[in-house]
Amino acid sequence: MCLAVPAQILTIQDDFLAQVEFGGIRRTISLQLLPQAQVGDYVLVHTGFAISIVDPEEARITLDLLRQMSDLDPDD
Amino acid sequence: MLLDAFRDPQLARQILNDIHALADQPMTFMEFCGGHTHAIMQFGIRQLLPKGVRLLSGPGCPVCVTSQRDIDQAIALAQLPGVIIATFGDMVRVPGTSHTLQQAAAAGADVRIVYSPMDAVDLAAAHPDRQVIFLGVGFETTAPGVAASILQARARGLDNYAILSMHKYTPPGMRAILDAGEVRLDGVIGPGHVSIIIGLDGWRFLPRDYAMPVVIAGFEPVDILLAIRALVRQVARGQARAENAYSRSVTPQGNPAALAIMNQVFEPVDADWRGFGRIPTSGMGLRAEFRAYNAAVRFALPDVPSREPPGCRCGEMLRGVIEPRACPLFGRACTPERPQGPCMVSDEGACAAHFLYQDLSL
Ligand code: SF4
Numbered sequence: 001m002c003l004a005v006p007a008q009i010l011t012i013q014d015d016f017l018a019q020v021e022f023g024g025i026r027r028t029i030s031l032q033l034l035p036q037a038q039v040g041d042y043v044l045v046h047t048g049f050a051i052s053i054v055d056p057e058e059a060r061i062t063l064d065l066l067r068q069m070s071d072l073d074p075d076d
Numbered sequence: 001m002l003l004d005a006f007r008d009p010q011l012a013r014q015i016l017n018d019i020h021a022l023a024d025q026p027m028t029f030m031e032f033c034g035g036h037t038h039a040i041m042q043f044g045i046r047q048l049l050p051k052g053v054r055l056l057s058g059p060g061c062p063v064c065v066t067s068q069r070d071i072d073q074a075i076a077l078a079q080l081p082g083v084i085i086a087t088f089g090d091m092v093r094v095p096g097t098s099h100t101l102q103q104a105a106a107a108g109a110d111v112r113i114v115y116s117p118m119d120a121v122d123l124a125a126a127h128p129d130r131q132v133i134f135l136g137v138g139f140e141t142t143a144p145g146v147a148a149s150i151l152q153a154r155a156r157g158l159d160n161y162a163i164l165s166m167h168k169y170t171p172p173g174m175r176a177i178l179d180a181g182e183v184r185l186d187g188v189i190g191p192g193h194v195s196i197i198i199g200l201d202g203w204r205f206l207p208r209d210y211a212m213p214v215v216i217a218g219f220e221p222v223d224i225l226l227a228i229r230a231l232v233r234q235v236a237r238g239q240a241r242a243e244n245a246y247s248r249s250v251t252p253q254g255n256p257a258a259l260a261i262m263n264q265v266f267e268p269v270d271a272d273w274r275g276f277g278r279i280p281t282s283g284m285g286l287r288a289e290f291r292a293y294n295a296a297v298r299f300a301l302p303d304v305p306s307r308e309p310p311g312c313r314c315g316e317m318l319r320g321v322i323e324p325r326a327c328p329l330f331g332r333a334c335t336p337e338r339p340q341g342p343c344m345v346s347d348e349g350a351c352a353a354h355f356l357y358q359d360l361s362l
């Protein structure tokens with residue numbers, strides 16, 4: 001029930017409605033809970049509402065940190 | 001795409017190596033969220049961890065923690081004349097004391113499965129001569145959207161839309177487990193999508209009040225392993241901090257627009273949880289201003305004598321006290337096709353997750 005699926009915003013209409021695409025499938029969702037979202041953003045969608053913008057910069061930082069932080073020798 | 005890296009087996013292996021190197025003592029972590037339970041089972045994460053590192057499933061399955069009485073009342077509402085029940089799919093198969101919503105529908109009740117609470121508002125607009133009641137089940141992830149549906153119904157002047165709020169706040173559920181002291185935990189994997197709404201700040205009470213480490217996790221294998229590694233590291237170092245291993249989606253403060261709408265419509269009330277009983281200020285009740293949209297006020301809820309399914313140990317499962325195998329019905333009388341209790345109905349239920357991914361070989 002807490003499942004949220006990433007989608008990309010294609011267009012934004014009035015009334016907080018947006019067309020998004022989930023891996024090939026288009027759907028109209030609401031931006032009422034995420035009014036700052038912009039066309040092109042990847043958002044997580046839950047029960048027809050975008051609830052967060054997936055921040056590519058943060059994703060990159062996590063992955064970079066991960067690559068650096070793994071400085072433990074697996075064999076020791 | 002960038003996010004595919006969070007499924008990269010090579011990266012997962014590397015984090016696992018770290019976990020094995022860091023885990024210097026036995027430790028037990030609880031994943032609060034049923035979505036995590038599902039992913040942990042699906043990706044076989046338990047089997048990959050060091051022997052001493054145990055994961056326990058928690059109460060983070062909204063349908064599962066809904067009390068038997070609430071389920072019975074929802075089913076009873078469906079039988080009132082002129083009513084359309086709109087609900088998410090999981091609810092229709094949860095066994096009530098005498099039958100399910102699905103069975104009520106087969107006997108003539110009008111029950112519609114919707115993807116979004118907004119679809120329920122559209123149903124109300126399309127059927128002005130009927131009363132549409134949306135069954136509000138879910139945690140902070142779901143409640144803001146349901147709150148938005150009420151604001152929308154009001155803006156559209158619809159007076160035939162109401163919700164039965166069974167929504168719950170997650171932090172009181174976590175507190176209830178720790179206060180009961182039945183399970184010894186060394187850390188908590190924080191729910192990713194709940195935390196999108198309430199933020200990392202919503203979990204700072206764990207280190208502050210319970211000296212309990214908490215790390216928020218996403219739902220890909222790398223996300224979950226990252227959170228486990230962070231927890232193992234805190235325990236090895238004797239720390240207790242609130243950390244965010246899902247920073248691409250979760251911020252410290254959460255989602256302010258969603259919180260504002262949720263708080264505009266709902267207020268904390270005492271609520272009954274399956275397995276826990278009444279937990280103070282853990283439920284979301286509609287504020288007085290919205291009583292016209294409150295199904296519990298608008299309709300006389302019949303007081304059905306409720307009884308949990310005989311033999312079902314869902315309640316203990318939700319408190320982390322037992323694992324699905326401990327239930328004698330698991331995989332025998334109780335399967336996803338013929339669920340006896342809610343923990344086998346919902347994808348987020350521990351019984352369903354164990355049945356689907358691990359324990360087929362009983
Ligand atoms: S296996 Fe079925 S009956 Fe047993 S605890 Fe789980 S849901 Fe209840």
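Chains A and B, in that order, give the protein sequences.
Per my numbering: the first sequence = residues 1 to 76.
Per my numbering: the second sequence = residues 1 to 362.
For glycine and all other residues, C-beta sits at the position ideal for the given N, C-alpha and C.
Exposed or buried, which one is residue i when buried takes at least 16 other CB atoms within 10 Å?
| i | result |
| --- | --- |
| Ile40 (chain B) | buried |
| Pro213 (chain B) | buried |
| Arg248 (chain B) | buried |
| Val5 (chain A) | exposed |
| His99 (chain B) | exposed |
| Lys168 (chain B) | buried |
| Ser361 (chain B) | With a pLDDT of 42 at Ser361 (chain B), under the threshold of 50, the modelled position of that residue is not reliable, and the figure given next carries that caveat. It is exposed - the Cβ of Ser361 (chain B) has fewer than 16 other Cβ atoms within 10 Å. |
| Gln68 (chain A) | exposed |
| Leu135 (chain B) | buried |
| Gln190 (chain B) | Checking the sequence, you will find Gly at residue 190 (chain B) rather than Gln. Classification for Gly190 (chain B): buried. |
| Gln234 (chain B) | buried |
| Leu2 (chain B) | exposed |
If you run the structure through DSSP and keep just helix, strand and coil, what is residue i?
| i | result |
| --- | --- |
| Asp28 (chain A) | Note on identity: in this sequence residue 28 (chain A) is Thr, with Asp being the wrong assignment. Strand, per DSSP. |
| His36 (chain B) | helix |
| Asp73 (chain A) | Any reading at Asp73 (chain A) must be qualified, since the residue scores a pLDDT of 42, below 50, and its modelled position is unreliable; the value itself is stated next. Three-state DSSP puts Asp73 (chain A) in coil, outside helix and strand. |
| Glu220 (chain B) | coil |
| Thr66 (chain B) | strand |
| Arg325 (chain B) | helix |
| Cys334 (chain B) | strand |
| Leu362 (chain B) | Note that Leu362 (chain B) has pLDDT 38, beneath the 50 cutoff, so the model's placement of it is unreliable and no number is given. |
| Ala240 (chain B) | coil |
| Ser57 (chain B) | strand |
| Thr11 (chain A) | strand |
| Phe205 (chain B) | helix |
| Met212 (chain B) | coil |
| Gly277 (chain B) | strand |
| Val39 (chain A) | coil |
| Pro95 (chain B) | coil |
| Asn294 (chain B) | strand |
| Arg233 (chain B) | helix |
Taking only heavy atoms of the ligand SF4 into account, decide whether any of them is closer than 7 Å to the Cβ of residue i.
| i | result |
| --- | --- |
| Phe276 (chain B) | no |
| Cys314 (chain B) | yes |
| Met91 (chain B) | no |
| Pro309 (chain B) | yes |
| Cys343 (chain B) | yes |
| Leu356 (chain B) | no |
| Cys351 (chain B) | yes |
| Gln68 (chain B) | no |
| Met317 (chain B) | yes |
| Phe330 (chain B) | yes |
| Cys327 (chain B) | yes |
| Gln38 (chain A) | no |
| Cys334 (chain B) | yes |
| Pro59 (chain B) | no |
| Pro62 (chain B) | no |
| Pro324 (chain B) | yes |
Pick out whichever of the options has its Cα sitting closest to the Cα of residue i.
| i | options | result |
| --- | --- | --- |
| Gln47 (chain B) | B:Ala236, B:Tyr115, B:Pro62, B:Leu16 | B:Leu16 |
| Leu291 (chain B) | B:Arg237, B:Ser165, B:Glu308, B:Ile216 | According to the sequence as given, residue 291 (chain B) is Arg; it is not Leu. Nearest option by C-alpha distance: B:Ser165. |
| Arg204 (chain B) | B:Ile228, B:Arg241, B:Val194 | B:Arg241 |
| Gly192 (chain B) | B:Ile224, B:Ile150, B:Asp159 | B:Ile224 |
| Pro302 (chain B) | B:Ala76, B:Ala21, B:Ala104 | B:Ala76 |
| Ser149 (chain B) | A:Tyr42, A:Gly24, A:Thr11, A:Phe16 | A:Phe16 |
| Gly34 (chain B) | B:Gly89, B:Val194, B:His127 | B:Val194 |
| Asp64 (chain A) | B:Ala5, B:Leu200, B:Val137 | B:Ala5 |
| Asp70 (chain B) | B:Glu220, B:Arg229, B:Ala126, B:Ala296 | B:Ala296 |
| Ala143 (chain B) | B:Arg175, B:Ala109, B:Phe88 | B:Phe88 |
| Ile113 (chain B) | B:Pro128, B:Ala21, B:Pro336, B:Ile84 | B:Ile84 |
| Ala260 (chain B) | B:Gly138, B:Ile198, B:Leu226 | B:Ile198 |
Let's see if you can read the secondary structure: which residues bound the alpha helix (DSSP H) around residue i?
| i | result |
| --- | --- |
| Asn255 (chain B) | Looking at the DSSP string, Asn255 (chain B) is not in any alpha helix (DSSP H), and its letter there is neither H nor E. |
| Tyr357 (chain B) | 350 to 357 |
| Val121 (chain B) | 117 to 126 |
| Gly173 (chain B) | 170 to 180 |
| Val194 (chain B) | 192 to 198 |
Identify the continuous beta strand (DSSP E) that holds residue i and give its terminal residues.
| i | result |
| --- | --- |
| Gln19 (chain A) | 17 to 22 |
| His46 (chain A) | 42 to 46 |
| Leu135 (chain B) | 131 to 136 |
| Gln79 (chain B) | Gln79 (chain B) -> no beta strand (DSSP E), and no H or E assigned at all. |
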